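Below is one structure, written out as structure tokens; comments come after it.
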Amino acid sequence: MLSAAMAALGAVPAHAAPGAGTRAEVDRLYEEAEKATQAYDKADERAGELRREVREAQDHIARQQQRVNDLREQLGSLAGAQYRSGGIDPTVALLFSADPDDYLDKASTLDRVGARQAGRLKELQSVLRELAQERAETAGTLAELEKSRKAVAAHKRTVERKLARARQLINALPAAERAAYDRASRGGRTELPDLTGVTVPDGRAAAALAAARSALGRPYVWGANGPSGFDCSGLMQWAYAHAGVHLPRTSQEQRFAGRQVPLSQARPGDLVVYRSDASHVGMYAGNGQVIHAPYPGAPVRYDPVGMMPVSSVTRP
65 MLSAAMAALG AVPAHAAPGA GTRAEVDRLY EEAEKATQAY DKADERAGEL
115 RREVREAQDH IARQQQRVND LREQLGSLAG AQYRSGGIDP TVALLFSADP
165 DDYLDKASTL DRVGARQAGR LKELQSVLRE LAQERAETAG TLAELEKSRK
215 AVAAHKRTVE RKLARARQLI NALPAAERAA YDRASRGGRT ELPDLTGVTV
265 PDGRAAAALA AARSALGRPY VWGANGPSGF DCSGLMQWAY AHAGVHLPRT
315 SQEQRFAGRQ VPLSQARPGD LVVYRSDASH VGMYAGNGQV IHAPYPGAPV
365 RYDPVGMMPV SSVTRP
């Protein structure tokens, strides 16, 4: 992630201990911010799923409530017809009491109504029970959604706090070191490196790699998955979406979104996952290069595949 930037700053004399300590602290803050970003992405994705579930449940509840209303109207019509023909059956009258569902549980009384009324009453009882269950389940989903929203907000605060602290430390560096850091952040390659002899597989890997290349030079934006900015896993998800492949949102999940292969067998389009906690991911481009969204202040670019410890290579 910050390897290239830190390497560039390594040219500062060794006796400049405060600067070296600052660089190490910035490196740590960016790494922690990236981990928090992946946690944010996961919580945000889950919140989106829950919002969809709630919308669907509310739509279904509305349809079920209309069904209840229709059944009650039909039973009311039956009661009216019965009244005109000689009086309301006591069981139908009970339907419109304060707690008809309690009455409906007393199944032994159903033999006192006609077959048509009994069928409507049983159907109403079934729908009312389904409606109560769906409302309870939706209440649970809403509670989980609220927890996810709070998690999203907490992870966002964590990322923003760490990035702000990192920027504060960078701004406090001596001018020469700060200039070296800024040059390193803008470093890497956004132009096509030498990929002579590299064979790009046909199909979705080629389409995903082409999409990733089209994003070169766009900024790192934490929590973003394109098209104007990306975090590391957002770039992979966006690129593979152009190939018709849905990848999960986080680098930890993307690690298992296909067949794992040895690094020595990596092909263009493979996902290269970094660190033991899988908190960073890039796309192998061939000839020992990956395309990735490195860290705040650095654009989507090429870097050596060995810039950080590789934990796995996944072929979607």
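Heads up, the sequence shown is in my numbering, so the first residue is 65 and it goes up one at a time. We put the CB at the ideal spot given by N, CA and C, even for glycine. If you're wondering where the values come from, they're calculated on a predicted model, not measured in any experiment.
Going by C-alpha positions, Ser343 is about 17 angstroms away from Pro368.
Annotation: Glu113 to Ala218 spans about 19 angstroms, alpha carbon to alpha carbon. When the alpha-carbon of Arg229 is set against those of Glu95, Gln122 and Ala121, the nearest one is in Glu95. C-alpha of Asp105 to C-alpha of Thr314: approximately 6 angstroms in a straight line.
Here His124 carries a helix assignment [DSSP, helix/strand/coil].
Taking 8 angstroms as the upper bound for CB-CB distance, Ser340 and Ser297 are not in contact here, some 17 angstroms apart.
It is roughly 42 angstroms from the alpha-carbon of Asp266 to the alpha-carbon of Arg221. Asn289 has Phe294 as its beta-bridge partners, per DSSP.
Around the C-beta of Gln301, 16 or more other C-beta atoms lie within 10 Å, and the residue is accordingly described as buried. Phe294 counts as buried, since at least 16 other C-beta atoms from the protein chains shown sit within 10 angstroms of its C-beta. Membership of Arg379 in the beta strand (DSSP E) is indicated by the continuous run Val374 to Arg379.
Going by C-alpha positions, Arg184 is about 12 angstroms away from Asn133. Across the set Tyr304, Pro291, Ala243 and Arg282, the C-alpha of Tyr304 shows the shortest separation from the C-alpha of Ala272. For Leu273, the enclosing alpha helix (DSSP H) covers residues Arg268 to Ser278.
Look at Ala330 here: in three-state DSSP terms it is coil, with no helix or strand label. Straight through space, the alpha carbons of Lys226 and Leu93 are spaced by roughly 6 angstroms. Here Arg282 has Ser292, Gly293, Phe294, Pro363 and Val364 as same chain residues with Cβ atoms under 7 angstroms from its own Cβ, once five neighbours each way along the sequence are excluded.
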